[in-house]
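Take the sequence shown: its letters are residues 1 to 412, numbered as in the UniProt record's numbering.
Built from N, CA and C at the ideal position, the CB exists for glycine as well.
One structure is given here, and the rest of the page talks about it.
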Amino acid sequence: MSAAPAVEVEGVAKRFRMYRERNQSLKAALMRGGRASFDEYWALKDVSFEIPQGSTFALIGENGSGKSTLLKCIARILEPERGRIRTHGSVAALLELGSGFHPELSGRENVFLNGSILGMTKRELERKFDEIVDFAGIEPFIDQPVKNYSSGMYMRLGFSVAINVDPDILLVDEVLAVGDAAFQEKCMEKFVDFRRAGKTVVIVSHAMGSMRTLCDQAAWLDRGSLLDIGRADAIVDRYVDKGHEKGVAPGTAGGANAEARVGSGEARLTTVEMLDASGTPATSFRTGDPVTVRVGYECTERVEQPAFALAMDTVDGMRFWAHHTRDGGLELPFIEGTGHVDLVIPALALQPYTIDLSARILDHTLTHTYDFRRHCYRFVVETGDHRESGGVVALGGRWTADLPASASETAV
Numbered sequence: 001m002s003a004a005p006a007v008e009v010e011g012v013a014k015r016f017r018m019y020r021e022r023n024q025s026l027k028a029a030l031m032r033g034g035r036a037s038f039d040e041y042w043a044l045k046d047v048s049f050e051i052p053q054g055s056t057f058a059l060i061g062e063n064g065s066g067k068s069t070l071l072k073c074i075a076r077i078l079e080p081e082r083g084r085i086r087t088h089g090s091v092a093a094l095l096e097l098g099s100g101f102h103p104e105l106s107g108r109e110n111v112f113l114n115g116s117i118l119g120m121t122k123r124e125l126e127r128k129f130d131e132i133v134d135f136a137g138i139e140p141f142i143d144q145p146v147k148n149y150s151s152g153m154y155m156r157l158g159f160s161v162a163i164n165v166d167p168d169i170l171l172v173d174e175v176l177a178v179g180d181a182a183f184q185e186k187c188m189e190k191f192v193d194f195r196r197a198g199k200t201v202v203i204v205s206h207a208m209g210s211m212r213t214l215c216d217q218a219a220w221l222d223r224g225s226l227l228d229i230g231r232a233d234a235i236v237d238r239y240v241d242k243g244h245e246k247g248v249a250p251g252t253a254g255g256a257n258a259e260a261r262v263g264s265g266e267a268r269l270t271t272v273e274m275l276d277a278s279g280t281p282a283t284s285f286r287t288g289d290p291v292t293v294r295v296g297y298e299c300t301e302r303v304e305q306p307a308f309a310l311a312m313d314t315v316d317g318m319r320f321w322a323h324h325t326r327d328g329g330l331e332l333p334f335i336e337g338t339g340h341v342d343l344v345i346p347a348l349a350l351q352p353y354t355i356d357l358s359a360r361i362l363d364h365t366l367t368h369t370y371d372f373r374r375h376c377y378r379f380v381v382e383t384g385d386h387r388e389s390g391g392v393v394a395l396g397g398r399w400t401a402d403l404p405a406s407a408s409e410t411a412v
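Below is the structure:
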């Protein structure tokens, strides 16, 4: 028998008005009768599904697909134009950084303010205060105004208050992306504890590896519509395989999608591209594929002893790899004119993920930058023959065991 639903979403549609212009003066307002023209934008289009009680449920999709809007509708922050949402049990939501906090108040005062907004009594908050502060890891700063907190401190305190409300249903948006690795691990452990206690967690995230490992079910939204729903691992695999986190066009180190370049300019990046096994530029690879990263350059003058550097980040901003030519044993005496350097990767040891590649040309001291392009090439890693339980890298390896004779006889 399937678990009773914690959340029921029935035919939910949400509309926003997109205004074409604002009234810039009283005269303009009077001439328009005080009205501004607008277009209607449907962020959600008749979405229906159920979230089982006790599940850890992922909402995935591109930016603008309606994930955060749906989460706000479940939290009763937004009211849909039509349809109905039923929640069975108490709800706590961590949807926007600093929501429910007053910037002029201290962390201590905001614990009581935010906790009371979420339905906790003063006595409950006093009893749980030390636990809240300890989980957030901000005890030295608890009496400082939160306007002086970093975004990570804001998020940690807000999350700590939300989970200590002990809700039946916890809603979490992308704010977890601003936490450091240690705090993210604590959050993941807390989600597991919630599931063991029969509570429900609904998460919006672009961290596909984490969602695949942590969640048991997922719903995939696309332009406001429900595209697919089912087991989290299967839905995440389909999402990544379809390439719905689009790649930046190959060979365009100066493309519009890349972030602004910096550097003195004596040597400049002209192309950054990833080549598949046939030598063709590509933005989609499978775990274990051979890949060549080609970096093109042009020089305004002869540049002595340069170094080329590459780095990879997940789309939620985590740097997990960096490498330069000297790391690989390549010493370049000089470069001039135009040319390229290649990094040959025999097997792409990455899990299904969307990755941003950055490139840099440095001087011989590795302290002066001639040119730097951040996130100039985006590519998608799809599921290959090898699979691991989570994370970004796919290290492979072979398990062995030294078992007692009696256990060896029954081991499979």
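Check: Are there 16 or more other CB atoms within 10 angstroms of the CB of R84, so buried, or fewer, so exposed?; Outcome: exposed
Check: From the beta carbon of T400, is the nearest beta carbon of chain D less than 9 Å away?; Outcome: Checking the listed chains, one finds no chain D in this structure; it contains a single protein chain.
Check: Below 6 Å CB to CB, which residues in the same chain sit around S150 once its five sequence neighbours on both sides are set aside?; Outcome: none
Check: For G224 and C215, I'd like the C-alpha separation in whole angstroms.; Outcome: 22 Å
Check: Would you mind sorting A401 into buried or exposed? The rule is 16 or more other CB atoms within 10 Å of its CB.; Outcome: exposed
Check: Comparing alpha-carbon positions, which option in E131, F183 and L170 lies nearest M155?; Outcome: F183
Check: By DSSP, does T383 sit in helix, in strand, or in coil?; Outcome: coil
Check: Among residues of its own chain, excluding the 5 on either side of G337, which ones have a beta-carbon nearer than 8 Å to its beta-carbon?; Outcome: E298 and C299
Check: Classify A394 as buried or exposed, calling it buried when 16 or more other Cβ atoms lie within 10 Å of its own Cβ.; Outcome: buried
Check: When the Cβ atoms of the stretch 119-136 are set against those of the stretch 70-84, are three or more pairs found closer than 8 Å?; Outcome: no
Check: Are the beta-carbon atoms belonging to L343 and L310 less than 9 Å from one another?; Outcome: yes
Check: By Cβ distance below 6 Å, which residues in the same chain neighbour G11 in space, the five residues on each side in sequence not counted?; Outcome: D46, S48 and G83
Check: Would you call the stretch 359-369 in contact with the stretch 273-280, where contact means no fewer than 3 C-beta pairs closer than 8 Å?; Outcome: no
Check: In the DSSP output, what is C299 paired with across the bridge?; Outcome: A267
Check: Comparing alpha-carbon positions, which option in G391, A4, A6 and C187 lies nearest S210?; Outcome: G391
Check: Residues in the same chain with beta-carbon distance under 7 Å from E259, minus the five sequence neighbours each way, listed in chain order, please.; Outcome: The predicted position of E259 is uncertain, since its pLDDT is 48 and thus under 50; a value taken from the coordinates is nonetheless stated next. Closer than 7 Å at the Cβ level, and outside the excluded window around E259, lie R374 and H375.
Check: Reducing DSSP to helix, strand and coil, say where I85 ends up.; Outcome: strand
Check: In angstroms, rounded to a whole number, what distance separates the CA positions of F16 and L44?; Outcome: 10 Å
Check: Would you mind stating whether F320 and V341 have Cβ atoms separated by less than 9 Å?; Outcome: no
Check: Does DSSP put V236 in a helix, in a strand, or in coil?; Outcome: helix
Check: Does T365 pass the burial test, meaning 16 or more other C-beta atoms within 10 Å, or should it be called exposed?; Outcome: exposed
Check: Looking at the strands, I want to know which residues DSSP matches up with P52.; Outcome: P5
Check: Leaving out five residues before and five after H324 in sequence, what residues of the same chain have Cβ atoms less than 6 Å from its Cβ?; Outcome: A307 and A309
Check: L105 and V161: beta carbons closer than 9 Å?; Outcome: no
Check: At which residues does the alpha helix (DSSP H) containing G107 begin and terminate?; Outcome: G107 to I117
Check: Take K72 as the anchor and find which of I355, I235, I203 and G288 has the nearest alpha-carbon.; Outcome: I203
Check: In whole angstroms, give me the CA-to-CA distance for R268 and D313.; Outcome: 22 Å
Check: Would you mind working out which of L94, G263, D222 and V133 sits nearest D363, comparing C-alpha positions?; Outcome: G263
Check: Once you ignore the five residues that flank R326 on each side, which residues in its own chain have a CB closer than 7 Å to its CB?; Outcome: A307
Check: Determine the direct distance from the alpha carbon of D222 to that of T56, and round the result to whole angstroms.; Outcome: 21 Å
Check: Please report the straight-line C-alpha distance between T69 and A219, rounded to a whole angstrom.; Outcome: 14 Å
Check: Flag this pair as yes or no: are the beta carbons of P167 and A92 separated by less than 9 Å?; Outcome: yes
Check: Which residue wins for smallest C-alpha separation from G396, given the options Q351, L357, A359 and S358?; Outcome: Q351
Check: Tell me which residues share the same chain as A322 and place their Cβ nearer than 8 Å to its Cβ, disregarding the 5 neighbours each side in the sequence.; Outcome: A309, L310, A311 and M312
Check: Do you know offhand how far E8's Cα is from A405's?; Outcome: 52 Å
Check: Could you name the residues of the same chain whose beta carbon sits closer than 6 Å to that of I235, not counting the 5 residues immediately before and after it, in chain order?; Outcome: A218, W220 and D228
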